[in-house]
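Everything in the sequence shown is counted per our numbering, starting at 1 for the first residue and increasing by one. Positions of the beta carbon are idealized from the N, C-alpha and C atoms, including for glycine. First up is the structure itself, then whatever we jot down about it.
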Amino acid sequence: MDKKDIKSMTLSELERDITEMGQPKFRAMQIFRQLFSKLKTSFFDMSDISKSLATELDLRYRITAPKIVSKLVSKIDGTEKYLLLLDDGNIIETVLMRYEHGNSVCVSTQVGCKMGCAFCASTKNGFVRGLEPGEILSQIETVTREHILEKDFRVSNIVLMGIGEPLDNYDNVIRFLNLVNDKNGLCIGYRHISLSTCGLVPQIKRLATEELPITLSISLHAPNDEIRDTIMPINHKYKMAELLDACREYQKICQRRISFEYALISGVNDKKEHAEELARRLRGIMCHVNLIPVNSIREKNFKKSSKNDIILFTNVLNNSKINATVRRKLGSDINAACGQLRNDHMKKD
Ligand code: SAH
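Listed below in structure tokens is the structure:
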């Protein structure tokens, strides 16, 4: 019998299992606490679980706990980048960003990615598989465990912006969101979670029906189809008009400000007329535009926009009443664009 991934289970599912095993229901809560408060990775280390019950649990369940292959820490701002080894030998990336307002973890949702964005390192080695809910959750736990001796360390924010397309792993990501929000689990508020997508229109509409007060972030990166077609293959399937309509529909239901990601690539999408066109297209959507000077990746020769072009672009948007800021870059001394560390590691192998 395949062992069940216990971290992908809700408390009520575990309670049902535990009572079926002939145990009192409260044991499920004890196990949950050991997993999510004490961050235990073995049933035999759980102080309030007897050895015989631990043996029984160990036969039924596995506790996902990725191993740290490497960890880079920025000397400038404390950003930490982790390469994590999963039980099946696959590798993913997780990043901890330290802000004054709290600690934020950027999680991967898939091993590799099939979306093919031209500027993104995550997609270069293709797609392997979606992550289980417990595997997404355990990234946050692994980072927290590394800081177990630091008084009051807590992860308060999550961004689903690591390797993979979250909406292409829909059911597992929704289950992860429910689990991470559980007051008996890691208890991270939906308002402190951002989910980023390259624009899978049907899934955006479906996400709206879940009515979770998370922040939806759209990787737009272009002001029109002509440019978007050349850098994001998903745009052949769902055109910008359709994507922006889905955003309007999402907003109508969820009443939340939408965030648009826009990587400024020199000579591609960073001119004044691009900013003007973008402002026109976003009019009427309550939003924030995150401008990101593109990270050049080795596999592709995209260059960052000049400082002047970045300032001009930001001003055009702000003067058109579109709220825009340039994203502060963290961890520049351990610079590795999303997915780059994993690619380097795979090359070495
Ligand atoms: N698949 C999702 C989430 C993962 S990528 C998405 O597409 O949104 C997280 C963000 O980083 C996205 O906005 C993505 O477009 C951006 N990104 C990827 N590579 C980048 C690079 N080289 N420079 C700047 N941003 C990049």
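Limits of the unbroken beta strand (DSSP E) element including residue i
i, result
"Ala324", "323-326"
"Arg129", "127-130"
"Lys81", "80-85"
Straight-line gap, residue i to residue j (C-alpha atoms, nearest Å)
i, j, result
"Leu264", "Leu177", "30 angstroms"
"Leu278", "Asn224", "8 angstroms"
"His147", "Arg175", "26 angstroms"
"Met21", "Thr215", "40 angstroms"
"Ser266", "Asn301", "11 angstroms"
"Met286", "His236", "26 angstroms"
"Glu211", "Ile322", "25 angstroms"
"Ser52", "Arg33", "19 angstroms"
"Gly185", "Ser138", "12 angstroms"
"Pro202", "Leu149", "44 angstroms"
"Cys254", "Ile193", "14 angstroms"
"Cys117", "Met232", "5 angstroms"
Of the listed residues the options, nearest to residue i (C-alpha basis)
i, options, result
"Asp168", "Glu146, Thr109, Ile188, Phe119", "Thr109"
"Leu102", "Ser259, Asp48, Thr144, Gly162", "First, the residue type needs correcting, since residue 102 is Gly and not Leu in the sequence shown. Ranking Ser259, Asp48, Thr144, Gly162 by Cα distance to Gly102 puts Thr144 first."
"Asp77", "Lys67, Glu100, Glu93", "Glu100"
"Met9", "Leu53, Gln23, Ser266, Ile63", "Ile63"
"Asn308", "Val326, Thr55, Val95", "Val326"
"Leu200", "Arg129, Glu226, Leu243", "Leu243"
Any non-hydrogen atom of ligand 1 within 7 angstroms of residue i CB
i, result
"Pro166", "yes"
"Ser196", "yes"
"Met115", "yes"
"Glu242", "no"
"Ala222", "no"
"Glu261", "yes"
"Ser305", "no"
Alpha helix (DSSP H) segment containing residue i, residue limits
i, result
"His236", "234-237"
"Thr64", "Segment: none, Thr64 is in no alpha helix (DSSP H) and carries neither H nor E."
"Tyr250", "240-254"
"Lys347", "340-348"
"Glu273", "272-282"
"Ser138", "133-146"
Beta bridge counterpart(s) of residue i as assigned by DSSP
i, result
"His288", "Ser259, Asn323"
"Pro293", "Leu264"
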